[in-house]
């Protein structure tokens, strides 16, 4: 009997650990640009990433299955090459990869059986080393690998953003955990790639810096007003809900003025552009005009899209709403 129980525990423990994870990750790996490395390495990489991400908890809170954060990752990889070895052509560096990673997350909307996008972000400066069958591990005391650091960093950002939508500034502890991952990076990594504070304003460093900056507190307040006081109330009080969403957009505009070219504001806009258009198709003329003006200032590249707000409300836009 004890042997049977032990066997059951052995087989069920990984499943239990996965079920406890706050994030339900879907990993999509694109290796079409890989030409020389054995593609079987990436089958192992995909499995190792799923085990690493889904197989551990990131908070001390218990999430019910329906409360888990849905996160989809699209990782496009190429081999890293070196043209400084006296060769006529570039040489592939073993176990070294570069690429891009798109991350999309969502949270449920209260009472309507729908979800709303929270994060829609593309990291264009991914780089890491990976050896087949080498487990991906993240330590709270020391640096282990850049791949573990990148994925752990995003796990905490995703959770922090989710908590910010459910309570005012609720994500703070998780942004601080992401900061700890950054602090454990070797100095060479802190000053390179997607971690660097030099030049680029839309990378991992600046996304986290925005979330921790006092100048961006209106933006974080907007996350709560938009979701918890807006979408989550849309079913019971759509007028008050839409007013709160308008206040959130005003806060976003204030944050954008205080911090021009903010990575966080652009990330929010990329996630919410379509949703905002649908929400305000059912609004009054003055509400529509105000939102079109604000969103055009914040998102000038999408200015033409916001004029669609004046089009008749679609079936998709009616009754749309959004607690842990």
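In mature numbering (1 follows the signal peptide of the UniProt record, and there is no 0), the protein residues as written are -19 to -1, 1 to 305.
Quick reminder that beta carbons are idealized off the backbone N, C-alpha and C, glycines included.
Element boundaries [beta strand (DSSP E), containing residue 51]
If you number the chain shown from 1, residue 51 lands on position 70. 50 to 63 is the span of the beta strand (DSSP E), which, as asked, contains residue 51.
Cβ atoms of residue 86 and residue 139: under 7 Å apart, would you say?
Stepping through the chain shown from its first residue, residue 139 is reached at position 158. Stepping through the chain shown from its first residue, residue 86 is reached at position 105. A contact, by the Cβ cut-off of 7 Å.
Element boundaries [beta strand (DSSP E), containing residue 99]:
Position 118 of the chain shown holds residue 99. First-last of the beta strand (DSSP E) with residue 99: 95 to 110.
Between residue 205 and residue 27, what straight-line distance do the alpha-carbon atoms span, to the nearest angstrom?
Reading the chain shown from its first residue, position 224 is the one you call residue 205. Reading the chain shown from its first residue, position 46 is the one you call residue 27. Those two C-alpha atoms are separated by around 34 Å.
My assumption, with CB atoms under 8 Å, is that residue 144 sits in contact with residue 191. Please give the rounded CB distance.
Along the chain shown, one-based indexing puts residue 144 at 163. Along the chain shown, one-based indexing puts residue 191 at 210. With 8 Å as the limit, residue 144 and residue 191 do not qualify as a contact, their Cβ atoms being about 16 Å apart.
Are the CB atoms of residue 127 and residue 76 within a distance shorter than 7 Å?
Locating residue 76 in the chain shown gives position 95, where the first residue counts as 1. Locating residue 127 in the chain shown gives position 146, where the first residue counts as 1. No, the Cβ-Cβ distance between residue 76 and residue 127 is not below 7 Å.
Have a look at 99, 63, 115 and 96 and flag the residue whose alpha-carbon is nearest the alpha-carbon of residue 22.
Reading the chain shown from its first residue, position 41 is the one you call residue 22. Measuring from the Cα of residue 22, the nearest candidate turns out to be 115.
When the distance is taken between beta carbons, is residue 74 closer than 7 Å to residue 61?
Working through the chain shown from its first residue, we reach residue 61 at position 80. Working through the chain shown from its first residue, we reach residue 74 at position 93. Yes.
According to DSSP, is residue 209 part of a helix, a strand, or is it coil?
Within the chain shown, residue 209 is the residue found at index 228, counting from 1. Residue 209: coil per DSSP, three-state reduction.
Can you check whether the CB of residue 29 is closer than 7 Å to the CB of residue 117?
Here the question's residue 117 lines up with position 136 in the chain shown. Here the question's residue 29 lines up with position 48 in the chain shown. Against a cut-off of 7 Å, the Cβ pair of residue 29 and residue 117 comes out as a contact.
Under 8 Å, with one C-beta from each stretch per pair, do the stretch 199 to 215 and the stretch 166 to 176 reach the 3-pair mark?
no
Since residue 249 is in the alpha helix (DSSP H), which residue starts that stretch and which ends it?
Here residue 249 corresponds to residue number 268 of the chain shown, with the count starting at 1. Element bounds for residue 249: 244 to 261.
Please name the residue in 264, 185, 48 and 232 whose C-alpha comes closest to that of residue 108.
Residue 108 sits at position 127 when you count from the first residue of the chain shown. Of the listed residues, the one whose Cα sits closest to residue 108 is 185.
Near residue 92, what residues of its chain come up, given a Cβ to Cβ distance below 8 Å and the 5 sequence neighbours on each side ignored?
Position 111 of the chain shown holds residue 92. Hits under 8 Å: 213, 216, 217 and 302.
Below 6 Å CB to CB, which residues in the same chain sit around residue 14 once its five sequence neighbours on both sides are set aside?
The residue labelled residue 14 in the question sits at position 33 within the chain shown. The answer, listed in chain order, is 59.
Quick one, which of 90, 97, 99 and 104 has its alpha-carbon nearest residue 83's?
The residue you call residue 83 lines up with position 102 of the chain shown. Nearest of 90, 97, 99 and 104 to residue 83, Cα basis: 104.
Determine the DSSP secondary structure at residue 80, reduced to helix, strand or coil.
Sequence index remark: in the chain shown, residue 80 carries index 99 (1-based). Looking at residue 80 - three-state DSSP - the assignment turns out to be strand.
Considering Cα atoms alone, identify which of 2, 9, 178 and 11 is closest to residue 44.
Here residue 44 is taken as the residue at index 63 of the chain shown, counted from 1. Cα-wise, what sits closest to residue 44 is 2.
Put residue 165 into one of helix, strand or coil per three-state DSSP.
For the purposes of this step, residue 165 is identified with residue 184 of the chain shown, where counting begins at 1. In the structure shown, residue 165 sits in coil (DSSP, three-state: anything other than H, G, I, E or B).
List the DSSP bridge partners of residue 88.
Here residue 88 is taken as the residue at index 107 of the chain shown, counted from 1. Paired residues: 97.
With H, G and I counted as helix, E and B as strand and the rest as coil, what does DSSP make of residue 9?
For the purposes of this step, residue 9 is taken as residue 28 along the chain shown, with counting starting at 1. If DSSP states are grouped into helix, strand and coil, residue 9 belongs with the strands.
DSSP state of residue 267, grouped into three classes?
Locating residue 267 in the chain shown gives position 286, where the first residue counts as 1. In the structure shown, residue 267 sits in a helix (DSSP, three-state: H, G or I).
List, from N- to C-terminal side, the alpha helix (DSSP H) runs of 4 residues or more that fit wholly inside the stretch 170 to 246.
185 to 193, 198 to 208 and 219 to 239
What first and last residue would you give for the alpha helix (DSSP H) that runs through residue 134?
Mapped onto the chain shown, residue 134 falls at position 153. From DSSP, the alpha helix (DSSP H) with residue 134 extends over 127 to 147.
In this structure, what does DSSP give as the bridge partners for residue 279?
The residue you call residue 279 lines up with position 298 of the chain shown. Answer is none; residue 279 lacks a bridge partner.
Please determine whether the Cβ atom of residue 263 lies at a distance below 6 Å from any heavy atom of the ligand ADP.
For the ligand ADP, the structure offers nothing, since it holds no ligand at all.
Taking residue 153 as the reference, which of 284, 161 and 193 has the closest Cα?
Stepping through the chain shown from its first residue, residue 153 is reached at position 172. Residue 153 has its Cα closest to that of 193, out of 284, 161 and 193.
Put residue 290 into one of helix, strand or coil per three-state DSSP.
Along the chain shown, read from residue 1 onward, the residue named residue 290 stands at position 309. In this structure, residue 290 counts as helix in the three-state DSSP scheme.
Taking just the CA atoms, how far does residue 159 sit from residue 189?
If you number the chain shown from 1, residue 189 lands on position 208. If you number the chain shown from 1, residue 159 lands on position 178. Each residue's alpha carbon lies about 8 Å from the other.
For residue 246 and residue 233, the rounded distance between their alpha carbons
For this step, residue 233 is matched to residue 252 along the chain shown. For this step, residue 246 is matched to residue 265 along the chain shown. If I take the Cα positions, the gap works out to 7 Å.
Where the alpha helix (DSSP H) containing residue 33 begins and where it ends:
One-based indexing of the chain shown puts residue 33 at position 52. Per DSSP, residue 33 belongs to the alpha helix (DSSP H) from 21 to 35.
Beta-carbon separation (whole angstroms), residue 392 vs residue 167, contact threshold 8 Å
This structure cannot settle anything about residue 392, because the visible part of the chain is limited to -19 through 305.
When you compare each of 211, 98 and 56 to residue 148 by their alpha carbons, which one comes out closest?
Taking the chain shown and counting its residues from 1, one reaches residue 148 at position 167. Taking only the C-alpha atoms, the option nearest residue 148 is 211.
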